[in-house]
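Here the protein sequences come in this chain order: A and B.
The first sequence begins at 8 in the numbering used here and counts up one residue at a time.
The second sequence begins at 20 in the numbering used here and counts up one residue at a time.
Here's the structure we're looking at; comments come further down.
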Amino acid sequence: MNGIHDMGGMQGLGEIGYRENEPGFHEAWEARLFAMVRALRTGSLRSGIESIPASDYLRMSYYERWYTAFVTRIIERGFVTSAEVDSGRADPVTVKDTPALTAEIAVDYLSITPKEEKDMKLTPRFRVGESVLGRNMNPTTHTRMPRYTRSKTGVVERDRGVFNLPDSEHSSGEPKPQHVYLVRFTGQELWGDDAPANDSVYIDMWEDYLEPA
Amino acid sequence: MSQSSSDHVEDHTDVPSDPELRVKALESLLVEKGLVDPVALDVLVDAFENKVGPRNGAKVVARAWVDSDYKQRLLDDGTAAIAEFGYSGGQGEKLTVVENTSSVHNVIVCTLCSCYPWPVLGLPPTWYKSAAYRSRTVIDPRGVLTEMGLDLLSGVEVRVWDSNAASRYFVLPERPEGTEAMGEADLAELVTRDSMIGVAKVAVSSVGGAA
C-alpha cells in the first residue's frame, strides 16, 4: 500500500538523530515486548504496522508501533480477546497449559536461521544482465516493492532464487513462489540528472514487480 | 512529571510511562493464559542485549582482513561464512556481504521497515529506523553520510542497498592504513558498528567502537 512506511525518497522527515553506540533497546518494556513477539511466533507484524494511520505512525516510537500491531495480531489470531487486553485479566476458559516457547527451547530457537528460500525449480522470467522495468502498481495491501522503483528501469544483477511473494500472503492468501532478482537502479534513473552519475541503489525484486524493459 | 518531586515528598516513585504499563499488563495476561513463559522471555532479552551484537560482526571483519580465503568465502556466501564463527539465527538467511574499497562505498538501509543483519550486528540502533535515515539514504546517500561525519570523494561510487526482501546486508569495511602489523583480535577492536552499516570508515583511533 502507498503508506507512510514506504518512505524511500521522501524529504522533510526530520533529523536522523544519530547517536554513537546506541543500544537496540532504550527501555526495559521494549525488550519485553520484542521477546513476547518472538516467543509467540505470530508471524511478521509488518502489514499491521503499515496499517497504522500515517499521523499516528510518525508520532509513535518504533516499539509503540510494534505494540499496536502485536495486540491487533494476537486478537485476530484468537490468542487473546480485546476484553482481556483491556482488563488485563485472562478469561479462565481460554488458559493453555504449555507456552509456545519454553525457556528450554528458547536458546536453540535463537540459533536457527529460518529458511524462506523455496526448494523449487521454476523457470526464471529474467536473466542476469537483462534490463527490467518496475511495474506501475498500487496494491492496497502489503508489498515489498517501494514506490520509488515503479516505472523505473534497472538491470538484473543476480538471481536470488525462489521465495514466496509476500504480497500474496496478505491479499489472496494463495502462496505465489517466484524468483527474486537483485536489481540495480542508477541514481539518475531514480532521481534525475542532478543525482551523482556514479551512484546506484540495489534492491531485491520479486518477479511480479518487474516486466521486460 | 509536571511537578517537581519536592512538591510531593511522599510520591517520589517514577511514574511509569504509558507503554511501560501496557506492556507489563500484556505480559502478565499472556503469562496468566499460559501463552508465554517469562523465563523464555528472559532468555531472549539476554540474548539480544548481551550475546548478539556488533562484536560478532567485528570478529568476522577482522578475520576477513587477515585471511584472504575467509574473505572470499564471506563474499561468496555470507550466511555460511558467519556460521564458521557459530553465528546464525533470525535475519541471517541470504546474508550478502558487500566490500568497501577506496573506489566503492556501500551503505545499508531499509526504506520500508527496519531489516538488519541480526546475527552479526544485533538489533539496529534507533537512528537506523528513523524516518529521516530511511527516506533520505536512497535519494541522497552522500548528504546523509556527510551529516553523519563521512565525506566521500566525488569519484567514489556509492552503492545503496535497500534491504526489502529476504537478503540482509553487511558491509565489509576497508582496512585502515597503518594496521599491517596488527593481529586479528586487535583489529576486531577497531571495527565499529557504523562501519559495518556503511555510515563510517574504520579509523585506527576508533578502538572499542562497536559496543
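All C-beta atoms in this analysis are idealised placements derived from N, C-alpha and C, irrespective of residue type, glycine included.
- In the pairwise beta carbon analysis, the region 189-198 of chain A is classified as not touching the region 109-118 of chain A: fewer than three pairs are separated by under 8 Å.
- Its chain contains L40 as the residues whose beta carbon lies nearer than 7 Å to that of Y74/A, once the 5 sequence neighbours on both sides are disregarded; these appear in chain order.
- With respect to chain B, the C-beta atom of P106/A has a partner C-beta closer than 7 Å.
- Distance from the CA atom of V80/B to the CA atom of C129/B, rounded to whole angstroms, is 22 Å.
- With a cutoff of 7 Å on beta-carbon distance, L117/A and G108/B are scored as near each other.
- Around the beta carbon of G199/A, fewer than 16 other beta carbons sit within 10 angstroms, so the residue counts as exposed.
- A check of alpha carbon separations from E51/B across R151/A, V87/A, E37/A, R134/A identifies V87/A as the nearest.
- In the DSSP assignment, the residues bridged to M212/A are Y188/A.
- Taken in chain order, the unbroken stretches of alpha helix (DSSP H) that lie wholly in the region 61-113 of chain A and span 4 residues or more are 61-66, 69-83, 89-94.
- Among the residues facing chain B, L117/A is included, as its CB has a counterpart in that chain under 7 Å away.
- Annotated as distal: H124/B and L94/B, with beta-carbon spacing of 7 Å or more.
- Of all residues in the region 161-183 of chain B, only R161, V163, E166, M167, G168, S173, G174, V175, E176, V177, R178, V179, W180, D181, S182, N183 come within less than 9 Å of chain A when Cβ atoms are compared, listed by chain position.
- Positions of the alpha helix (DSSP H) runs, each at least 4 residues long and wholly inside the region 142-181 of chain A, are given as 173-177 in order along the chain.
- Contact of R153/B with chain A by beta-carbon distance below 9 Å involves H12, M14, G15, M17, L20.
- Bounds of the alpha helix (DSSP H) holding R212/B are 212-216.
- Proximity to S121/B across E176/B, P144/B, A150/B peaks at E176/B, based on C-alpha coordinates.
- Beta-bridge partners of N125/B (DSSP): R178/B.
- When the Cα atoms are used, P73/B and A207/B turn out to be separated by approximately 10 Å.
- Around the beta carbon of K148/B, a 10 Å sphere encloses 16 or more other beta carbons of the protein chains shown; the residue is thus reported as buried.
- Chain B has a Cβ within less than 7 Å of the Cβ of T120/A.
- For R187/B, DSSP records a beta bridge to L114/B.
- The beta carbon of R157/A is closer than 6 Å to those of G141, N143 in its chain, skipping five residues each way along the sequence.
- Looking at the backbone, the Cα of T145/B and that of G85/A are separated by about 32 Å.
- Classified as exposed, G105/B has fewer than 16 neighbouring CB atoms from the shown chains inside 10 Å of its CB.
- The beta carbon of A99/B sits closer than 8 Å to those of R92, all from its chain and outside the five residues before and after it, given in chain order.
- The alpha-carbon separation between V55/B and E71/A amounts to approximately 20 Å.
- Nearest CB-CB separation between D56/B and chain A: below the 7 Å threshold.
- Interface with chain B (7 Å Cβ-Cβ cutoff): L40/A is included.
- Following the DSSP letters along the chain, one finds L217/A inside the beta strand (DSSP E) bounded by residues 217-219.
- DSSP places L140/B inside the alpha helix (DSSP H), whose first and last residues are 137-140.
- Residues of the region 47-77 of chain B whose Cβ lies closer than 7 Å to any Cβ of chain A, in chain order: S47, L48, L49, E51, K52, G53, L54, V55, D56, V58, A59, L60, V62, L63, V64, A66, F67, E68.
- Interface flag for P38/B against chain A is set, since a Cβ pair is found closer than 7 Å.
- Listed in chain order, the non-local C-beta contacts of A76/A below 6 Å within the same chain comprise L52, G55, I56, local neighbours out to five positions each way being set aside.
- For E124/A, the pairing in a beta bridge is given by DSSP as F170/A.
- Beta-bridge partners assigned by DSSP to T193/A: S207/A.
- By the C-beta criterion, the region 59-68 of chain A is judged not to be in contact with the region 55-70 of chain B, since fewer than 3 inter-stretch pairs fall below 8 Å.
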